[in-house]
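Asker:
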Amino acid sequence: MKGIKGRLNRLLSACVGDMVMATVKKGKPDLRKKVMPAVIVRQRKPWRRKDGVFMYFEDNAGVSVNPKGEMKGSAITGPIGKECADLWPRIAIGTKIEGEVKKEIIKAIVGILLTHPGHLN
1 MKGIKGRLNR
11 LLSACVGDMV
21 MATVKKGKPD
31 LRKKVMPAVI
41 VRQRKPWRRK
51 DGVFMYFEDN
61 AGVSVNPKGE
71 MKGSAITGPI
81 GKECADLWPR
91 IAIGTKIEGE
101 VKKEIIKAIV
111 GILLTHPGHL
121 N
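Per UniProt numbering, the sequence shown starts with residue 1, numbered consecutively.
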(Lines of atoms letter the chains of each structure in order from A; the text may use other names.)
(Lines give C-alpha, C1' and ligand atoms only; values in the text may rest on other atoms or scores of the structure.)
Protein backbone atom coordinates (compact mmCIF):
# COMPACT_ATOMS: atom_id res chain seq x y z
CA MET A 1 0.00 0.00 0.00
CA LYS A 2 1.35 3.41 -0.90
CA GLY A 3 -0.15 6.65 0.34
CA ILE A 4 -0.98 9.47 -2.05
CA LYS A 5 0.85 12.02 0.10
CA GLY A 6 4.38 11.54 1.38
CA ARG A 7 7.47 13.14 2.86
CA LEU A 8 11.10 12.71 1.82
CA ASN A 9 12.89 9.82 3.61
CA ARG A 10 9.80 8.88 5.63
CA LEU A 11 7.80 5.67 5.38
CA LEU A 12 4.33 6.36 4.04
CA SER A 13 1.39 5.85 6.39
CA ALA A 14 -2.35 6.23 6.12
CA CYS A 15 -5.36 6.31 8.44
CA VAL A 16 -9.15 5.94 8.14
CA GLY A 17 -10.46 8.24 5.42
CA ASP A 18 -7.18 8.49 3.47
CA MET A 19 -6.96 7.67 -0.24
CA VAL A 20 -4.09 5.30 -1.07
CA MET A 21 -2.85 3.24 -3.99
CA ALA A 22 -3.52 -0.41 -3.12
CA THR A 23 -3.76 -3.87 -4.67
CA VAL A 24 -6.99 -5.88 -4.56
CA LYS A 25 -6.62 -9.01 -2.39
CA LYS A 26 -10.23 -10.31 -2.44
CA GLY A 27 -12.83 -9.88 -5.15
CA LYS A 28 -13.48 -10.61 -8.79
CA PRO A 29 -10.61 -12.25 -10.71
CA ASP A 30 -10.46 -9.41 -13.25
CA LEU A 31 -9.89 -6.85 -10.44
CA ARG A 32 -7.39 -8.87 -8.38
CA LYS A 33 -3.63 -8.20 -8.52
CA LYS A 34 -4.08 -4.71 -9.96
CA VAL A 35 -2.98 -1.40 -8.44
CA MET A 36 -5.84 1.08 -8.05
CA PRO A 37 -6.89 3.93 -5.75
CA ALA A 38 -8.68 2.93 -2.55
CA VAL A 39 -10.07 4.63 0.56
CA ILE A 40 -9.34 3.10 3.97
CA VAL A 41 -12.60 2.51 5.88
CA ARG A 42 -11.40 0.41 8.88
CA GLN A 43 -8.08 -0.16 10.65
CA ARG A 44 -6.91 -2.27 13.58
CA LYS A 45 -4.39 0.20 14.93
CA PRO A 46 -6.01 2.53 17.50
CA TRP A 47 -6.13 6.23 16.61
CA ARG A 48 -7.13 9.20 18.74
CA ARG A 49 -10.10 11.34 17.79
CA LYS A 50 -10.27 15.05 18.54
CA ASP A 51 -12.66 14.44 21.43
CA GLY A 52 -10.04 12.22 23.13
CA VAL A 53 -11.59 8.82 22.39
CA PHE A 54 -9.31 6.07 21.06
CA MET A 55 -10.99 4.12 18.27
CA TYR A 56 -10.11 0.89 16.45
CA PHE A 57 -11.82 -1.88 14.45
CA GLU A 58 -11.38 -5.64 14.47
CA ASP A 59 -9.96 -5.72 10.92
CA ASN A 60 -8.40 -3.60 8.19
CA ALA A 61 -10.53 -2.78 5.15
CA GLY A 62 -10.57 -0.50 2.15
CA VAL A 63 -12.90 0.34 -0.73
CA SER A 64 -11.73 0.59 -4.33
CA VAL A 65 -12.67 3.95 -5.85
CA ASN A 66 -12.11 5.94 -9.01
CA PRO A 67 -9.93 9.09 -8.88
CA LYS A 68 -13.01 11.25 -8.09
CA GLY A 69 -13.76 9.19 -4.96
CA GLU A 70 -16.81 7.31 -6.24
CA MET A 71 -17.05 3.63 -5.26
CA LYS A 72 -16.49 1.01 -7.94
CA GLY A 73 -18.53 -1.54 -5.97
CA SER A 74 -22.16 -1.35 -4.90
CA ALA A 75 -22.02 -2.10 -1.15
CA ILE A 76 -19.70 -2.32 1.86
CA THR A 77 -19.96 -5.13 4.39
CA GLY A 78 -19.41 -4.05 7.97
CA PRO A 79 -19.13 -0.63 9.60
CA ILE A 80 -16.99 2.28 8.43
CA GLY A 81 -15.25 5.00 10.41
CA LYS A 82 -16.98 8.32 11.01
CA GLU A 83 -13.92 10.12 9.60
CA CYS A 84 -14.32 8.26 6.32
CA ALA A 85 -18.06 8.98 6.17
CA ASP A 86 -17.45 12.72 6.69
CA LEU A 87 -14.73 12.96 4.02
CA TRP A 88 -16.30 10.64 1.43
CA PRO A 89 -20.12 11.00 1.44
CA ARG A 90 -20.51 8.80 -1.65
CA ILE A 91 -18.95 5.90 0.27
CA ALA A 92 -21.08 6.54 3.36
CA ILE A 93 -24.37 6.09 1.47
CA GLY A 94 -25.87 2.70 2.32
CA THR A 95 -23.31 1.72 4.96
CA LYS A 96 -23.38 1.62 8.74
CA ILE A 97 -21.23 4.07 10.66
CA GLU A 98 -19.83 2.57 13.89
CA GLY A 99 -22.17 4.57 16.18
CA GLU A 100 -25.27 3.49 14.24
CA VAL A 101 -24.44 -0.20 14.76
CA LYS A 102 -24.55 0.26 18.55
CA LYS A 103 -27.86 2.17 18.30
CA GLU A 104 -29.44 -0.63 16.23
CA ILE A 105 -28.37 -3.27 18.76
CA ILE A 106 -29.84 -1.24 21.63
CA LYS A 107 -33.11 -0.71 19.72
CA ALA A 108 -33.35 -4.45 19.05
CA ILE A 109 -32.84 -5.30 22.73
CA VAL A 110 -35.42 -2.71 23.85
CA GLY A 111 -37.87 -4.02 21.26
CA ILE A 112 -37.48 -7.59 22.56
CA LEU A 113 -37.99 -6.47 26.16
CA LEU A 114 -41.12 -4.48 25.27
CA THR A 115 -42.71 -7.34 23.32
CA HIS A 116 -41.87 -9.92 26.03
CA PRO A 117 -42.43 -8.14 29.40
CA GLY A 118 -41.96 -11.40 31.34
CA HIS A 119 -38.19 -11.20 30.69
CA LEU A 120 -37.83 -8.00 32.75
CA ASN A 121 -37.75 -9.92 36.08
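Using N, Cα and C, we set each Cβ at its ideal position, and we do this for glycine too.
Judging by CA-CA distance, which residue of 49, 95, 26 is the nearest neighbour of residue 79?
Answerer: Counting from 1 along the sequence shown, the entry for residue 79 is found at position 79. Taking the Cα of residue 79 as reference, the smallest distance to any Cα among 49, 95, 26 is reached at 95.
Asker: For residue 48 and residue 86, what's the separation of their Cα atoms in angstroms?
Answerer: Position 48 of the sequence shown, counting from 1, holds the residue named residue 48. Position 86 of the sequence shown, counting from 1, holds the residue named residue 86. In this model, residue 48 and residue 86 are separated by some 16 angstroms (Cα to Cα).
Asker: For residue 75, which of helix, strand or coil comes out of DSSP?
Answerer: Numbered from 1 along the sequence shown, position 75 holds the residue referred to as residue 75. Coil, per DSSP.
Asker: Would residue 44 be called buried (16 or more neighbouring beta carbons within 10 Å of its own) or exposed?
Answerer: Locating residue 44 in the sequence shown gives position 44, counting from the first residue. Burial state of residue 44 is exposed, judged by a 10 Å Cβ sphere holding fewer than 16 other Cβ atoms.
Asker: Tell me the DSSP secondary structure of residue 90 in three-state form.
Answerer: To locate residue 90, count along the sequence shown from 1; it is residue 90. It is helical.
Asker: Between the beta-carbon of residue 20 and the beta-carbon of residue 36, is there less than 8 angstroms?
Answerer: Locating residue 20 in the sequence shown gives position 20, where the first residue counts as 1. Locating residue 36 in the sequence shown gives position 36, where the first residue counts as 1. Going by C-beta atoms, residue 20 is not nearer than 8 angstroms to residue 36.
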